[in-house]
Structure formats: C-alpha cells, structure tokens
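**Q** According to this note's numbering, the sequence shown holds residues 6 to 262 in order.
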Amino acid sequence: MDEMRPPPRSRTIYLLPNLFTTAGLFSGFYAIIAAANGQFVQAAMAVFVAAVMDGLDGRVARLTNTSSEFGVQYDSLADLVSFGMAPALVMYHWSLSALKYDSNVMGRVGWSAAFLYAACAALRLARFNTQVGVVDKRWFIGLASPAAAGLMMSFVWAFADDSLGFDGEQLRYVALAVTVVSALLMVSRIRFWSFKGGARGPRADRVPFLALAIATVVIALLVIDLARSLLVIGVLYALSGPLMWLWRRWRRVPELP
6 MDEMRPPPRS RTIYLLPNLF TTAGLFSGFY AIIAAANGQF VQAAMAVFVA AVMDGLDGRV
66 ARLTNTSSEF GVQYDSLADL VSFGMAPALV MYHWSLSALK YDSNVMGRVG WSAAFLYAAC
126 AALRLARFNT QVGVVDKRWF IGLASPAAAG LMMSFVWAFA DDSLGFDGEQ LRYVALAVTV
186 VSALLMVSRI RFWSFKGGAR GPRADRVPFL ALAIATVVIA LLVIDLARSL LVIGVLYALS
246 GPLMWLWRRW RRVPELP
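(1) In the DSSP assignment, find the beta strand (DSSP E) that holds residue 143 and state where it starts and stops.
(2) Are there 16 or more other CB atoms within 10 angstroms of the CB of residue 99, so buried, or fewer, so exposed?
(3) Within this structure, are the beta carbons of residue 198 and residue 143 separated by less than 8 Å?
(4) Once you ignore the five residues that flank residue 250 on each side, which residues in its own chain have a CB closer than 6 Å to its CB?
(5) Note down the Cα distance separating residue 151 from residue 37, rounded to an integer number of angstroms.
(6) Under a Cβ-count criterion, where at least 16 other Cβ atoms within 10 Å of its own Cβ denotes burial, should residue 170 be classed as buried or exposed?
(7) Residue 84: buried (16+ other C-beta within 10 angstroms of its C-beta) or exposed?
(8) Could you tell me if residue 236 is buried or exposed, where buried requires 16 or more neighbouring beta carbons within 10 angstroms of its beta carbon?
(9) Between 124, 108, 112, 79, which has its C-alpha nearest residue 90's C-alpha?
(10) Mapping the DSSP letters down to three states, classify residue 100 as helix, strand or coil.
(11) Could you please give the first and the last residue of the uninterrupted alpha helix (DSSP H) stretch that includes residue 164?
(12) One question on the structure: do residue 52 and residue 81 come within less than 8 Å of each other, judged by their Cβ atoms?
(13) Residue 157 and residue 3 - do their beta-carbons sit closer together than 8 Å?
(14) Which term fits residue 134, buried or exposed, when burial requires 16 or more other beta carbons within 10 angstroms of its beta carbon?
(15) By the 10 Å Cβ neighbour count, where 16 or more other Cβ atoms means buried, how is residue 228 classified, buried or exposed?
(16) Is the Cβ-Cβ distance between residue 32 and residue 46 less than 8 Å?
(17) Please classify residue 255: is it buried, with 16 or more other beta-carbons within 10 angstroms of its beta-carbon, or exposed?
(18) Under the three-state reduction of DSSP, which class applies to residue 25: helix, strand or coil?
(19) Mind the definition here: the stretch 20–34 touches the stretch 54–73 only if three or more C-beta pairs lie below 8 Å; say whether that holds.
(20) Would a C-beta distance cut-off of 8 Å place residue 56 and residue 165 closer than the cut-off?
(21) Which of the three DSSP states, helix, strand or coil, is assigned to residue 210?
(22) Enumerate in chain order the residues of its own chain whose CB-to-CB distance from residue 247 is below 7 Å, with the five nearest sequence positions on each side excluded.
(23) By DSSP, does residue 73 sit in helix, in strand, or in coil?
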C-alpha cells in the first residue's frame with residue numbers, strides 16, 4: 006500500500022510560484038474593492054486575471070520543481086478569496102443588492118444567495134484538496150470554483166457596460182438564478198471535463214488533441230467579442246456536465262469510476 010501513496014511534498018517555502026499565487030490573491034482582493042466602488046467591469050476582469058494566475062502558479066511550481074505543502078495550502082486560501090468571496094461580492098454589489106427594492110425578504114434572499122455561493126466555493130475547494138490523487142484527473146467532481154467564478158463574472162462583464170440595454174437591477178432575478186445554480190453545481194457530484202487528459206489505451210491521444218481544437222475555436226471567439234464570448238463559453242461548460250449526466254442516465258451508461 007505504501008507504494009501507492011504519492012511522495013510527500015516539500016515543506017520548503019518557494020518564492021516564484023507563491024508570487025503568482027499572491028498576484029492572484031491581489032486580483033481577487035482588487036475585484037472586491039472595485040465592486041464596492043461601482044467599477045464592475047474592472048472587478049470582473051480582475052477575477053479573470055486571478056484565474057490566469059491560478060493556472061500559472063501550479064505549472065510554475067511543477068516546471069521548477071518547487072512544489073510544497075505551503076504552496077498548496079496558500080493556493081487554496083487564495084482561491085477562496087478570488088473564486089469564492091470576490092465573485093459573490095461583485096455579483097451582490099452589481100445586482101443582488103437590488104432585490105431589497107422588491108421587499109425586505111428578497112433583500113435577505115440576495116445576500117443569502119451571495120453567501121451560499123461563497124460557502125459552496127469553500128466546500129468545493131476543501132473537497133478538491135481531499136480528492137487529489139484519488140479521482141480520475143480527466144474529470145472534476147462538481148463545477149470547479151474558477152469555472153463557477155468565470156460564469157458569474159462573465160455574466161457581470163457582459164452586461165455591466167450597459168451596451169446590451171440591461172443593467173444589474175433589471176437582471177437581478179437572472180443574477181439570483183446564476184448565483185444559486187453556480188453554487189449548487191460546485192457542490193454537486195456531476196462530473197465536468199477537466200481538459201487534463203489522462204485517458205489510456207489507443208485513444209489516449211484524442212483528449213488533448215480535442216482540447217487543442219476547442220482552444221483554437223475559443224481563441225477565435227474571444228477575439229470577436231471578449232466579454233460575450235466568455236459568457237457563452239461559461240454557460241456551455243456549465244451545461245456540459247448536467248447534459249452529459251442526463252445523456253448517461255438516458256442511455257443507462259454505467260457511472261464513470
């Protein structure tokens with residue numbers, strides 16, 4: 006059994022990967038400040054910057070052989086701020102707070118939904134940390150917190166500049182639905198494609214190739230209209246998990262290991 010255990014992580018604190026983590030943490034913190042000042046486009050962009058930093062810190066640590074237990078824990082705490090607290094507060098300031106104009110009860114529903122999202126993000130991160138090396142790396146169990154944050158913030162970004170003729174107050178019930186659904190998807194058992202490969206056998210090379218093809222299409226869409234393209238991509242990815250689950254249920258395909 007000992008041979009199956011992953012090697013222990015170093016206890017050393019390394020500077021380079023943790024600088025990227027700190028940059029991501031700063032981006033999440035800035036998003037909260039920007040939202041409090043009514044700068045919602047900047048706030049949404051800051052969360053996406055945090056997502057980029059989150060994707061880089063782990064890769065830098067692996068490439069430079071500077072992974073550490075400290076880095077893993079620091080990254081999780083930074084993710085809670087950037088993909089848990091920041092999206093919840095940005096969405097609340099932009100739209101959910103307007104529910105109070107309907108009634109006092111709906112006002113409480115607004116901030117409760119924001120808290121639900123933050124709490125589910127924390128639970129999702131905790132579950133991910135306990136499942137590293139246990140689950141198939143091709144799949145995420147539940148919507149990953151960066152993806153949930155991307156869905157939330159792309160929704161804000163797409164409408165916050167008023168170019169589509171809607172503002173946060175008008176979209177408050179749509180924002181409520183997006184927030185609650187994103188929260189519940191994070192803590193669900195629904196599987197989402199991780200784009201990390203991990204397949205075996207003669208078809209093992211098809212996953213990364215398909216991911217590359219999808220990335221090419223995504224880049225083309227982002228060039229056309231960044232904010233709206235991110236929203237479309239976020240919605241499609243969030244729907245992919247439930248749709249795949251329904252398809253497997255309909256076809257009575259056995260659950261993936």
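The C-beta atom is built at its ideal place from N, Cα and C for all residues, glycine as well. Note that this is a predicted model, so its numbers are computed, not measured.
**A** Here's the rundown:
(1) The sequence position of residue 143 within the sequence shown is 138, counting from 1. Per DSSP, residue 143 belongs to no beta strand (DSSP E) and is neither H nor E.
(2) Position 94 of the sequence shown, counted from the start, is the residue given in the question as residue 99. Its Cβ being crowded by 16 or more others within 10 Å, residue 99 is buried.
(3) Reading the sequence shown from its first residue, position 193 is the one you call residue 198. Reading the sequence shown from its first residue, position 138 is the one you call residue 143. Against a cut-off of 8 Å, the Cβ pair of residue 143 and residue 198 comes out as a contact.
(4) Stepping through the sequence shown from its first residue, residue 250 is reached at position 245. Once the five neighbours on either side are set aside, the close Cβ partners of residue 250 are 195.
(5) On the sequence shown, residue 151 is found 146 positions in, with the first residue counted as 1. On the sequence shown, residue 37 is found 32 positions in, with the first residue counted as 1. Distance between the alpha carbons of residue 151 and residue 37 is about 16 Å.
(6) The sequence position of residue 170 within the sequence shown is 165, counting from 1. Label assigned to residue 170: exposed.
(7) The residue given as residue 84 occupies position 79 in the sequence shown. By the 10 Å Cβ count, residue 84 comes out buried.
(8) In the sequence shown, residue 236 corresponds to position 231, counting from 1. It counts as buried.
(9) For the purposes of this step, residue 90 is taken as residue 85 along the sequence shown, with counting starting at 1. The residue with the shortest Cα to Cα distance from residue 90 is 124.
(10) Within the sequence shown, numbered from 1, the residue matching residue 100 stands at position 95. Residue 100: coil per DSSP, three-state reduction.
(11) Counting from one through the sequence shown, the residue named residue 164 turns up at place 159. Residues 150–165.
(12) Counting from 1 along the sequence shown, the entry for residue 52 is found at position 47. Counting from 1 along the sequence shown, the entry for residue 81 is found at position 76. Against a cut-off of 8 Å, the Cβ pair of residue 81 and residue 52 comes out as no contact.
(13) The first residue shown for the chain is 6 and the last is 262, placing residue 3 beyond what the model contains.
(14) Walking along the sequence shown from the start, residue 134 turns up at place 129. Residue 134 comes out exposed.
(15) Position 223 of the sequence shown holds residue 228. Residue 228 comes out exposed.
(16) The sequence position of residue 32 within the sequence shown is 27, counting from 1. The sequence position of residue 46 within the sequence shown is 41, counting from 1. No, Cβ-Cβ distance for residue 32 and residue 46 is not below 8 Å.
(17) Walking along the sequence shown from the start, residue 255 turns up at place 250. Exposed, since its Cβ has fewer than 16 Cβ neighbours within 10 Å.
(18) In the sequence shown, the residue the question calls residue 25 occupies position 20. Three-state result, residue 25: helix.
(19) yes
(20) Numbered from 1 along the sequence shown, position 51 holds the residue referred to as residue 56. Numbered from 1 along the sequence shown, position 160 holds the residue referred to as residue 165. Cβ distance not < 8 Å, so residue 56 and residue 165 don't count as in contact.
(21) The residue labelled residue 210 in the question sits at position 205 within the sequence shown. Since pLDDT at residue 210 reaches only 45, below the 50 mark, its modelled position is unreliable, and the value read off the structure follows with that caveat. Residue 210 falls in the coil class under three-state DSSP.
(22) Numbered from its first residue, the sequence shown carries residue 247 at position 242. Around residue 247: 195.
(23) To locate residue 73, count along the sequence shown from 1; it is residue 68. Residue state, collapsed to three classes: strand.
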